[in-house]
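The working numbering puts the first residue of the sequence shown at 15, with every later residue one more than the last. All residues carry an ideal CB built from backbone N, CA and C; glycine is no exception.
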Amino acid sequence: MSVSPENPAGDVVVLVGNPAAGSRTGAVARAVATGLVADRPAAPVVIELADLGSALCSPEDGRVARARDVVRHARVLVVATPVYKAGYTGVLKLFLDGLEPTALASTVAVPVVLTASSAHGVTADLQLRLVLQAVGAHLPVPSFVLEEHRLDRLPDSVDAWQQSHGRVVSAVASAVRLEEVGVR
15 MSVSPENPAG DVVVLVGNPA AGSRTGAVAR AVATGLVADR PAAPVVIELA
65 DLGSALCSPE DGRVARARDV VRHARVLVVA TPVYKAGYTG VLKLFLDGLE
115 PTALASTVAV PVVLTASSAH GVTADLQLRL VLQAVGAHLP VPSFVLEEHR
165 LDRLPDSVDA WQQSHGRVVS AVASAVRLEE VGVR
């Protein structure tokens, strides 16, 4: 999988930081990302970190390098995690730690957190936002935080979040790309 800034397939990328593939976290992230690509021809690219498994511990692994390359070239990056022990997951930490400090300088990131309680969601959100900022991401809008007992209301929650924040994500992503190519 190779995506460049010119390739619309990398326009919106979903990074699922759940250690289990096919998780509810991934479903929530896909729902958020689908709303962000509603006016675009390409579906979001999805990277399930669970599929990379122990390769995340091997910096030279080709699959991990390709996944990081896709993430680096995303216009919008939806980063999803469940809350484990009041924080985001270790697999997501391993992946993000492999990115250089400016890796996401041209990317708008949207954290997505699935939690059992609002208190843990806030903690994980704050931690994740700090790490994304440390690798250069732009975070212009509040994260999408959903408590598990509200999963049955996912479409309504996504619609409400999109109505409030979707245009801002698109506008900032466009502005960052224009600045990158020297248009002011």
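{"query": "With distance defined between alpha-carbon atoms, name the residue in Glu-62, Arg-164, Val-27 and Arg-181 nearest to Ala-56.", "result": "Val-27"}
{"query": "Give me the Cα-Cα distance between Glu-193 and Gln-147, rounded to the nearest whole angstrom.", "result": "18 Å"}
{"query": "With 16 other CB atoms within 10 Å as the buried threshold, where does Glu-62 fall?", "result": "buried"}
{"query": "Quick one: which unbroken beta strand (DSSP E) runs of 3-plus residues sit fully inside the stretch 27-63? Chain order, please.", "result": "59-62"}
{"query": "Tell me whether Ala-151 sits in a helix, a strand or coil according to DSSP, three-state version.", "result": "coil"}
{"query": "Please go through the stretch 117-172 and give each complete beta strand (DSSP E) segment of 3 or more residues, from N-terminal end onward.", "result": "122-129 and 158-161"}
{"query": "Mind checking who Thr-95 pairs with in its DSSP beta bridge?", "result": "Val-127"}
{"query": "Which term fits Leu-140, buried or exposed, when burial requires 16 or more other beta carbons within 10 angstroms of its beta carbon?", "result": "exposed"}
{"query": "If I'm right that Thr-137 touches Glu-162 with Cβ under 8 Å, what's the distance once you round it to whole angstroms?", "result": "Between Glu-162 and Thr-137 the Cβ distance is about 16 Å, and since that is not below 8 Å, they are no contact."}
{"query": "Please report the distance separating the alpha-carbon of Ser-18 from that of Ala-43.", "result": "Unreliable positioning characterises Ser-18 in this predicted model, as indicated by a pLDDT of 34, which lies under 50. The coordinate reading is nonetheless provided below. Spanning the two alpha carbons is a distance of roughly 22 Å."}
{"query": "What number of angstroms, rounded off, separates the C-alpha of Gly-67 from the C-alpha of Arg-80?", "result": "14 Å"}
{"query": "Among Pro-33, Val-84, Asp-173 and Ala-187, which one has its Cα closest to the Cα of Val-122?", "result": "Ala-187"}
{"query": "Over the uninterrupted alpha helix (DSSP H) stretch that includes Gly-76, give me the two end residues.", "result": "76-86"}
{"query": "Less than 8 Å separating the beta-carbons of Val-60 and Val-183?", "result": "no"}
{"query": "Between Glu-20 and the rest of its own chain, which residues show a CB-CB distance below 7 Å, the 5 nearest in sequence each way excluded?", "result": "Its pLDDT being 40, under 50, Glu-20 is placed unreliably by the model, and the measurement read from it follows with that caveat. Answer for Glu-20: no residue qualifies."}
{"query": "Pick out whichever of Ala-64, Ala-45 and Asp-83 has its Cα sitting closest to the Cα of Ala-35.", "result": "Ala-64"}
{"query": "Round the Cβ separation of Leu-118 and Val-149 to the nearest angstrom and send it over; I've been treating them as touching at under 8 Å.", "result": "5 Å"}
{"query": "What is the DSSP secondary structure of Gly-101, counted as helix, strand or coil?", "result": "strand"}
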